[in-house]
Amino acid sequence: MRTTQALPMRINLFLASSFVALLVFSVCGSRQAQAATPSAETGATSTPQTAKIVTDDGGTLVAPALYELGIGLGAAYFPHYPGANQSKLYIMPFPFAIVRGRVLQSDRRGMRARLFTGKSFDISMSGAGAFPVKSGENKAREGMQDLGWIGQGGPKLRYEVTTFEDGGLLRLGFSVRMVVASRKIFEIDHRGTVFEPELVYTRPNTFSDQTDLYASLRTSFATRGLMSYYYHVGASEATASRAAYDAQPGLLETTATFGLNIRSANNQHRWFVSTDLETIEGARNVDSPLVKSKWNASVALAYIWTFYESKEKASVVY
Numbered sequence: 065m066r067t068t069q070a071l072p073m074r075i076n077l078f079l080a081s082s083f084v085a086l087l088v089f090s091v092c093g094s095r096q097a098q099a100a101t102p103s104a105e106t107g108a109t110s111t112p113q114t115a116k117i118v119t120d121d122g123g124t125l126v127a128p129a130l131y132e133l134g135i136g137l138g139a140a141y142f143p144h145y146p147g148a149n150q151s152k153l154y155i156m157p158f159p160f161a162i163v164r165g166r167v168l169q170s171d172r173r174g175m176r177a178r179l180f181t182g183k184s185f186d187i188s189m190s191g192a193g194a195f196p197v198k199s200g201e202n203k204a205r206e207g208m209q210d211l212g213w214i215g216q217g218g219p220k221l222r223y224e225v226t227t228f229e230d231g232g233l234l235r236l237g238f239s240v241r242m243v244v245a246s247r248k249i250f251e252i253d254h255r256g257t258v259f260e261p262e263l264v265y266t267r268p269n270t271f272s273d274q275t276d277l278y279a280s281l282r283t284s285f286a287t288r289g290l291m292s293y294y295y296h297v298g299a300s301e302a303t304a305s306r307a308a309y310d311a312q313p314g315l316l317e318t319t320a321t322f323g324l325n326i327r328s329a330n331n332q333h334r335w336f337v338s339t340d341l342e343t344i345e346g347a348r349n350v351d352s353p354l355v356k357s358k359w360n361a362s363v364a365l366a367y368i369w370t371f372y373e374s375k376e377k378a379s380v381v382y
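In terms of this note's numbering, the sequence shown is residues 65 to 382.
Right, here's the structure in full:
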């Protein structure tokens, strides 16, 4: 599943989420209570500033800007869908926004709305998505309906398991997201729900003061709506080489992700690289005739130039 978590780890609905973040901030502006959120969930603040923040353990962190605006160029190579044996290269420019509000937050992993924050956990709203695929471009789906845009949204619980002396942080996450799909403009279909537990490790300043590491292992489960969208083959779509198949709910896929976030000393330039290893071994619909590969790999690269930082600084660390 193309989970947006946005460029670095995935492009997902990064374009849309960044654009929405820009619009929301233009309306909300300073109404957002300020917060210094670790950059891209790595635990490292984003940019050298003069203001300091006192953390819960008595330490201090450099206060980043409340919000940043920029533009970027990304490239990603993804399989058409989980279990496909064909992939596609996407290259696109995109707007970029970081918002470090108490409620609204936006960074390279997309836009989130924090609903509740505790000492070692938080509950937020997050999203994910997938690009459309024309059936004429996929041999297994030839003659079937195209796969449209897929969007996901719902609450996410994150729990801080432990921190390490080197600054590393281990978290557990659990997301429940509603899924919608659109093959045509203004035509939106509900496609069930995705349940996604994950284990995430982040470490700031891994190879240098400007390099952060991200690694995760997540398992995705989906209801019949999304499974049918990907794997169902109706009687009218069956051929000599593609038998009819009734997709069932259950395990969708398991994904391991490794990524790096590299920043320039002045934080004006950022580079992201991410790779995913995905498998549908043991998945509920592995026997669908549309499944052509049980293992897949994805890679995403991005460059971002930040052209504006607010003078107002974030003041709270989560």
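Ideal placement from N, C-alpha and C gives every residue a C-beta, glycine not left out. The structure displayed is predicted, hence computed values, not measured ones.
DSSP, reduced to helix, strand and coil, places LEU354 outside both helices and strands of the structure shown, so it counts as coil. One thing to note: LEU234 has its Cβ within 8 angstroms of the Cβ of TYR265.
Leaving aside the five residues that flank ILE155 on each side, the residues in its chain whose CB is nearer than 6 angstroms to its CB run, in chain order, ALA139. Straight-line measurement puts the Cα of ARG306 at about 11 angstroms from the Cα of LYS356. Counting along the chain, the unbroken beta strand (DSSP E) around SER151 starts and ends at 151-164.
Per DSSP, GLY217 is one residue of the beta strand (DSSP E) stretching across 213-227. Runs of beta strand (DSSP E) with 3 or more residues, each lying fully within the stretch 235-304, are found at 251-267 and 275-286, listed in chain order. Contact between the stretch 278-296 and the stretch 240-257 is present: 3 or more CB-CB pairs across the two stretches fall below 8 angstroms. Distance between LEU324 and ARG334, taken at the CA atoms: about 10 angstroms. DSSP, reduced to helix, strand and coil, places ALA364 within a strand of the structure shown. Distances from the alpha-carbon of VAL363 to those of ALA378, ALA304, PHE336 and GLU345 put PHE336 closest.
GLN209 counts as exposed, since fewer than 16 other C-beta atoms from the protein chains shown sit within 10 angstroms of its C-beta. For SER188, the enclosing beta strand (DSSP E) has its first and last residue at 185-194. Taking ASN149 as the centre and dropping the five residues before and after it, the same chain places the C-beta of LYS356 and SER357 closer than 7 angstroms to its C-beta, in chain order. Shown here, GLU201 sits in a helix according to DSSP, grouped into three states. Nearest in C-alpha terms to GLY215, of all of VAL197, LEU236 and ARG241, is ARG241.
Relative to PRO159, the option among ARG267, GLY191 and GLY134 whose CA is nearest is GLY134.
Of the other Cβ atoms in all chains shown, 16 or more fall within 10 Å of the Cβ of LEU211; this residue is therefore buried.
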